[in-house]
Amino acid sequence: MRKLSLLLLVVLSFVSYKMYAQRTILANAVLDSISLSKGDQLEFILRLERASDSWLYFANATFQFAFDSLNYNVSPDRHHIELVPGSSDLPIIAIPGILPTVSYIVTPNVLPGRFSITIAGPEEFSNCVALPLGGNGIKIGKFIIKTKDGTVPPTKLRWLEPYIYYQACAYKIDRDSLFLPNMLLYQVNDNIEMDDGLRSLVNYSTFDRPAPKTVLKYFDADYVGLKKLRLSWETTSEAYVDGFIVVRALRTIDNPEPANLNYSDTVADYRRSDPQNRGLLGLGTSSTGKTYSFEFDSVSYRGLEYCYKLLYRDFFGNYVDLAYDCERIPNSIITKATPSPNPFSVSTRIDYIVEDDVILDAFVNDFSGRIVTRLLKGVYTPKGQHSIDFLASYNAQEGLYNVVFIAYPIDDPTVEISRAIVKLQLIR
């Protein structure tokens with residue numbers, strides 16, 4: 074009798090092992106695309122995939138997870154979790170406390186030591202969402218975890234175990250299921266738990282999205298006149314960027330390398346309170362970029378070259394240098410003046426470049442120095458390229474003429490009056 078009992082025990086143990094070893098995965102629950110999107114928030118996508126022909130209609134679920142960190146606990150006093158509106162593939166009704174009939178209710182919660190996401194579904198299978206077999210399944214939703222104290226949360230999540238205790242996921246059947254002939258196992262519209270502890274289970278996994286790199290498209294310091302510069306740059310992607318900072322240094326002959334200069338002047342800083350500086354807040358972690366600008370930086374002296382360094386501060390307090398750009402503040406006001414045609418018979422056009430905003434006079438005199446005509450008198454002329462026409466009078470004599478430009482500085486006593494003379498030849 075003892076031998077028979079022992080044999081029966083061995084057989085039962087073998088059968089139990091075989092039943093466990095052959096458990097069927099009915100679904101995959103995935104915490105997907107986990108990333109630190111801002112300094113105080115972690116975002117992720119909760120997906121559910123159908124992995125078996127044994128079911129079709131998703132009924133309800135409770136998913137529970139925590140940070141994958143030994144020394145960091147989840148707390149309702151410290152954390153908040155929310156569903157991003159419009160991010161779910163499920164038809165969602167946003168009325169808590171009401172059992173859904175044709176839609177789903179998704180309720181994220183913060184509990185001591187864990188996060189919980191509960192999904193309550195419709196009463197009948199005909200109103201439930203049918204999942205495709207394989208592929209990426211459906212998005213339960215995109216969720217954001219925020220810290221209430223503004224600190225940086227851990228960047229990894231883990232499912233709570235044992236799964237059969239902390240997790241639940243059920244489907245609905247569209248017809249009665251028989252255990253034996255004339256013996257009903259499940260009725261139509263019953264909710265059936267996928268993890269029965271014996272034959273079927275749900276596979277739980279996490280996927281950390283690879284963080285994009287911070288990629289800079291360009292960084293420019295452009296002189297716009299009146300000792301002012303416009304700073305602009307564009308990113309194509311950002312990773313952990315809290316915000317941008319621009320600092321300035323003076324470039325000299327003895328120290329010409331921008332990377333070796335002493336950048337002691339802070340021009341722009343996202344941490345300042347004014348709207349323009351606050352516009353330099355980064356995107357956090359983003360696969361897309363943004364165009365930034367700062368207008369304007371004012372410098373003190375002309376004839377010098379100023380260098381600018383662009384850097385950013387990440388969520389963890391690190392400062393990362395991105396790029397340099399240098400710009401010389403012009404000393405000479407009128408840098409180019411060219412007539413065309415020259416010689417001329419009736420009229421000619423003089424193209425000229427003004428390196429800064431000035432008050433401009435222009436006149437034409439003959440070879441003896443006598444002023445023939447005035448072209449400009451006290452005209453405000455902005456930085457850039459300009460042109461002016463000189464039409465010789467009917468009785469003007471052939472010979473040489475001078476077009477004299479005189480540029481007066483605007484509110485800048487450090488700049489001398491600038492002159493430019495263009496020689497013309499009139500041929501009848």
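Residue numbers (my numbering): 74 to 501.
Every residue gets a Cβ at the ideal spot worked out from N, C-alpha and C, and that includes glycine.
Model, not experiment: these values are computed from the prediction.
Cβ neighbour criterion (16 or more within 10 Å) applied to residue i
i, result
"residue 440", "exposed"
"residue 332", "exposed"
"residue 271", "exposed"
"residue 26", "This structure cannot settle anything about residue 26, because the visible part of the chain is limited to 74 through 501."
"residue 143", "exposed"
"residue 95", "exposed"
"residue 495", "buried"
"residue 103", "buried"
"residue 174", "exposed"
"residue 492", "exposed"
"residue 137", "buried"
"residue 223", "exposed"
"residue 401", "exposed"
"residue 500", "exposed"
"residue 234", "exposed"
"residue 152", "buried"
"residue 190", "buried"
"residue 194", "buried"
"residue 485", "exposed"
"residue 178", "buried"
Residue i - partner residues in DSSP beta bridges
i, result
"residue 496", "475"
"residue 357", "314"
"residue 128", "Note: residue 128 sits in no beta bridge, so no partner."
"residue 278", "103"
"residue 198", "Residue 198 pairs with nothing; no bridge assigned."
"residue 53", "The shown model of the chain, from 74 to 501, leaves out residue 53, and the question about it has no answer."
"residue 193", "178"
"residue 218", "115, 154"
"residue 470", "According to DSSP, residue 470 bridges with nothing at all."
Start and end residues, alpha helix (DSSP H) containing residue i
i, result
"residue 501", "Run containing residue 501: none; DSSP gives neither H nor E here."
"residue 236", "236 to 239"
"residue 412", "Premise fails: residue 412 lies in the beta strand (DSSP E), 407 to 413, not in any alpha helix (DSSP H)."
"residue 349", "348 to 351"
The beta strand (DSSP E) enclosing residue i, as first and last residue numbers
i, result
"residue 114", "114 to 123"
"residue 154", "152 to 156"
"residue 181", "178 to 184"
"residue 262", "Here residue 262 belongs to no beta strand (DSSP E), and DSSP marks it neither H nor E."
"residue 386", "378 to 387"
"residue 460", "457 to 464"
"residue 18", "An answer regarding residue 18 cannot be provided, because it is not within the stretch 74 to 501 covered by the chain."
"residue 341", "338 to 342"
Nearest-angstrom Cα separation, counted from residue j out to residue i
i, j, result
"residue 301", "residue 342", "18 Å"
"residue 413", "residue 421", "6 Å"
"residue 100", "residue 261", "21 Å"
"residue 461", "residue 423", "5 Å"
"residue 426", "residue 350", "33 Å"
"residue 251", "residue 239", "Unreliable positioning characterises residue 251 in this predicted model, as indicated by a pLDDT of 46, which lies under 50. A coordinate reading is not provided."
"residue 113", "residue 236", "29 Å"
"residue 315", "residue 354", "6 Å"
"residue 230", "residue 139", "6 Å"
"residue 253", "residue 196", "At residue 253, the pLDDT of 46 sits below 50, so the modelled position is not reliable; the number obtained from the coordinates is stated separately. Spanning the two alpha carbons is a distance of roughly 26 Å."
"residue 322", "residue 369", "16 Å"
"residue 416", "residue 468", "17 Å"
"residue 285", "residue 106", "12 Å"
"residue 438", "residue 330", "47 Å"
"residue 377", "residue 446", "37 Å"
"residue 119", "residue 150", "24 Å"
"residue 392", "residue 117", "26 Å"
Residue-chain proximity (residue i, chain B), Cβ-Cβ < 8 Å
i, result
"residue 494", "Among the chains in the structure shown there is no chain B, since it carries only a single protein chain."
Decide if the region 119 to 132 is in contact with the region 387 to 406; the criterion is three or more beta carbon pairs, one per stretch, under 8 Å apart.
no
Any contact of the region 343 to 354 with the region 279 to 298, i.e. 3+ C-beta pairs under 8 Å?
Judged by Cβ distances under 8 Å, the region 343 to 354 makes no contact with the region 279 to 298, as fewer than three pairs qualify.
Any contact between the region 374 to 388 and the region 443 to 461? By contact I mean 3 or more CB pairs, one from each, below 8 Å.
Not touching, per the Cβ criterion.
Please determine if the region 470 to 485 and the region 396 to 403 are in contact, where contact requires at least 3 C-beta pairs separated by less than 8 Å.
no
Count the C-beta pairs between the region 431 to 439 and the region 264 to 280 that are closer than 8 Å, then say yes if the count reaches three, no if not.
no
Within 8 Å, do at least three Cβ pairs link the region 207 to 225 to the region 155 to 166?
yes
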